[in-house]
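Taken in sequence, the protein lines are chains A and B. All letters in the first sequence, in the order written, are residues 1 to 182 by the numbering used here. All letters in the second sequence, in the order written, are residues 1 to 588 by the numbering used here. Just so you know, even glycine gets a beta-carbon here, dropped at the ideal spot from N, CA and C. A short worksheet on the structure shown next.
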Amino acid sequence: MPNSKSAYSFSNKKEKFDTHIIVVWVDNEAGVLARVVGLFSGRGYNIESLAVAQVDEKLKISRITIVTTGTPQVVNQIKLQLRKLVPVHKVADFKREDKAVIFKEMALFKIVGPNNKLESALKACKKYNPVLLDKTKKSNVIQITALRREIDKMSKDLKKFGLVSVSRTGAVAMTRGAEIFK
Amino acid sequence: MSKLYSGAEIVFKCMEDQNVDHIFGYPGGAVLPIYDELQNFKSIKHVLVRHEQGAGHAAEGYARSSGKPGVILVTSGPGATNVVTALTDAYMDSIPLVCISGQVPTHLIGTDAFQECDTTGITRPCTKHNWLVKDINDLASTIHKAFEVATTGRPGPVLVDIPKDIQFQKTKYNRPKKEKKLNGKSHNHFNQNSIDELIELMSKSSKPIFYTGGGVINSGPKASELLRELVYATGFPITSTLQGLGSFPGDDNQFLGMLGMHGTYEANNAMHDCDLMINIGARFDDRITGKIDEFSPKSKKVHIDIDPSSINKNVKVDLAIVGDVKTVLSSTLKSLKQKKSKFLKSNKQKTSKWWEKIQKWRSVRSLDYIGSEDTIKPQYAIERLYELTKDKDSYITTEVGQHQMWAAQHYKFNKPNRWMTSGGLGTMGYGLPAAVGVQVAHPKKLVIDIAGEASVLMTIQEMSTAVQYNLPIKIFILNNQYMGMVRQWQELLHDKNYSESYTAALPDFVKLAEAYNCIGIRAKTPEELDDKIIEMLNTDRPVIFDCMVDKVENCFPMIPSGKPHNQMILGPKDQESKKITGKGKSLV
């Protein structure tokens, strides 16, 4: 924008975007997910994937795992803004490259085809702990757990074996070793 | 067994325990049970507004001028949606509000019932937090929590949505717990090291400046006292944002005036050239910083703020102190006295060149305007209003636009909580209802809404409220028949294409005042202005003052589109010599 007439300045700076995994512990109450997600959409932050479930029945705590991209400044704002929400207890943040943290996603693949193709599909999944959840003469449902890009790749590769439907979760995260999230 | 109370009674029991004395509201189907109980709680006075937005702004005016949270009571559906503008306004300017809204009965929620809307959904992004109370046993604790959230940490609006059946149900009432739990959302986590570092920076600096904001006001009157003490103890210059006006005396020599888009030449240049900027309770808003890449390039920046998310949001700072302004300032003063008892003396020499430079900028006299004997210049009107009211402890509210900036430039404030204006959201129509709220909180004081004729028409119906409660507010309209700020931007930035900024069919404001059963006064010439203002001040009833001003006056100085602080447009004299075209728009 060369000749902006508005008093708002236009930024020409291109900053590097990093992928971060943000983990948020919240009270499992009505509307809490809408608060978290609304904060992202309202402030123009990205959500690549989202996984959420209650993890403590007694204290009614849910754990939300959000994969997001942004400049360091934006990621910092995301964390600080999340911490301001009343039902938020704590927020953790990891870079995707972080070796000390395990990230996993789960996918369900439905393959329809002749027996040899079903077997080839199962074989192709071997690296990713495949579980055969359902089997008929004409079809398989295979569950795998893997990284996002690995599942991306499998969703492509399995097409030739008769992949008809994919269902996948967002990433969840856990630190390695005895450490827990602070 | 203890007594059972209905939900409606509990609403008022909670308000009693929260020391609420006034609520601003408008009845409707979904809050009738609450209105039914109103008469049984004599300590709580209800102010009936004419539109729910008015209730919200009145509560804001009440809160800003008194330091207490403002309380609003509205019905479901349109009642709730009408208050959204005021909630957003309060959210942007960090004003504590508690809004109670009625909702359709729980069994009808989600059925598109009459006057149903997703109130908590709609208000989620414009409140600190909100609640839909579905269980009568949660009602009291939720309302008490609502007051706590609204008033602690960085203050802001909250909303409690109460379905009609909950208002009828009965339960025991629990008083609020005494202990102040802060839920980890209030932050006073700074340590002595940060304070020491700040003092170190201060003693090294030869071109320092304090840049203060609404956070000082929000921290309470004590914070303003401490600020004055610190500014006098250091001898540093100080500038203030629009919201911070009044925390430091506007007529003091160390005060450089307001900064930002329509700030003074000396304040903006000092911000640009300083080597140490101490931000106290301000948020580096875009109207303050101008072009962000060239914002104060050579300075170390310190940011004192209660909200951690304000730090490094727009501008990266070198030292962040997260805490309440009052607490931080009192620690700073204590350490300063202990460690550098002769700070002022030793510092005077160090900053003498800086002060010389500031005096040079000051001598430009950037707030000057070309006077007239025939028409009332709007700046002149504000100056006269200030001169004729400065001995009274007056409270000023404004609408949004040119008149607001002229008021900020030419009216000098000496105390906090005397200046109520919509800054963050820039809500036209704010000032009149806000004045209602201020007058409710301070019945004996002089309350003036400095208004524009376009803004004031957005909430003019609240004159009826002022008349009903004998609130002698003064609506001082700078009437130029244009949406002045829009017109100014069109002149300077859109090739004088005055698209839709002229109001062709304005009402006769004097007759309008008569229709509302209040007093109308009109001033047409500079000659009669003083007498008319005095007439207004001597009237103990609501007044609409129609001050006919120069139609095409612009508000200067001004930082134009995407320019840094040191490239301001000065007044008309400067324009004549520079012909504001192309690159010549900038001064330096």
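DSSP places E105 of chain A in no alpha helix (DSSP H) but in the uninterrupted beta strand (DSSP E) bounded by V101 to V112. Among the CB atoms of chain B, one or more fall inside 8 Å of the CB of A34 of chain A.
DSSP places Q481 of chain B in the coil class of the three-state scheme, outside both helix and strand. Among the residues facing chain A, H303 of chain B is not included, as its CB has no counterpart in that chain under 8 Å away. Within the region 376-453 of chain B, the beta strand (DSSP E) runs of at least 3 residues that lie entirely inside it are, in chain order, 395-398 and 447-452. Counting of Cβ neighbours within 10 angstroms places E105 of chain A among the buried residues, the total reaching 16 or more. For I278 of chain B, the enclosing beta strand (DSSP E) covers residues L276 to I280. If you look at H144 of chain B, you'll find it in the alpha helix (DSSP H) that goes L139 to T151.
Within chain B, no C-beta atom comes nearer than 8 Å to that of V23 of chain A; the closest sits roughly 17 Å away. Collapsing the DSSP output to three states places P78 of chain B in a helix. If only uninterrupted beta strand (DSSP E) runs of at least 3 residues are considered, those enclosed by the region 2-36 of chain B are 22-25.
Residues of the region 43-68 of chain A with a Cβ closer than 7 Å to any Cβ of chain B: none. DSSP places P157 of chain B within a strand segment (E or B) once states are collapsed to three. In this model, S194 of chain B and G213 of chain B are separated by some 20 Å (Cα to Cα).
Under the 8 Å criterion on CB atoms, N76 of chain A is classed as interfacial with respect to chain B. Residues of the region 90-124 of chain B with a C-beta less than 9 Å from any C-beta of chain A: T120, G121 and R124, listed in chain order. Using a 10 angstroms sphere on the CB of R283 of chain B, the tally of other CB atoms reaches 16 or more, which defines it as buried. At a cut-off of 8 Å, the C-beta of K84 of chain A has a neighbouring C-beta in chain B. Taking every protein chain shown into account, the CB of H189 of chain B has fewer than 16 other CB atoms within 10 angstroms, so this residue is exposed.
Taking the CA atoms as reference points, E60 of chain B sits about 29 Å from E535 of chain B. With respect to K532 of chain B, I521 of chain B sits close: the two C-beta atoms are nearer than 8 Å. Measuring C-alpha to C-alpha distances from N129 of chain A to each of A:I151, A:Y45 and A:I111 identifies A:I151 as the nearest. In this structure, N140 of chain A and A121 of chain A form a Cβ contact; the two beta carbons are roughly 7 Å apart against a cut-off of 8 Å. In its chain, beyond the 5 residues on either side, R50 and Y516 have a beta carbon closer than 7 Å to the beta carbon of S464 of chain B. What H565 of chain B touches in chain A, judged by beta-carbon distance under 8 Å, is nothing: the nearest beta carbon there is about 13 Å away. DSSP places G121 of chain B in the helix class (H, G or I) of the three-state scheme. Under the 8 Å criterion on CB atoms, S194 of chain B is classed as non-interfacial with respect to chain A. Sorting B:H494, B:K298, B:D508 and B:Y469 by C-alpha distance to the C-alpha of Q481 of chain B places B:D508 at the top. Per DSSP, reduced to three states, the secondary structure at L108 of chain B is helical. The beta carbon of E15 of chain A lies closer than 7 Å to those of T71 in the same chain, with the five residues before and after it left out. With distances taken between CA atoms, D318 of chain B lies nearest to B:E200 out of B:T241, B:L388 and B:E200.
Taking C-alpha positions only, Y430 of chain B is separated from K204 of chain B by approximately 43 Å. Among the CB atoms of chain B, one or more fall inside 8 Å of the CB of L80 of chain A. Chain A places no beta carbon closer than 8 Å to that of N82 of chain B, leaving this residue out of the contacts. At least one C-beta of chain B is nearer than 8 Å to the C-beta of A30 of chain A. Two segments are said to touch when three or more pairs of C-beta atoms, one from each, lie closer than 8 Å; by this definition the region 93-102 of chain B touches the region 414-434 of chain B.
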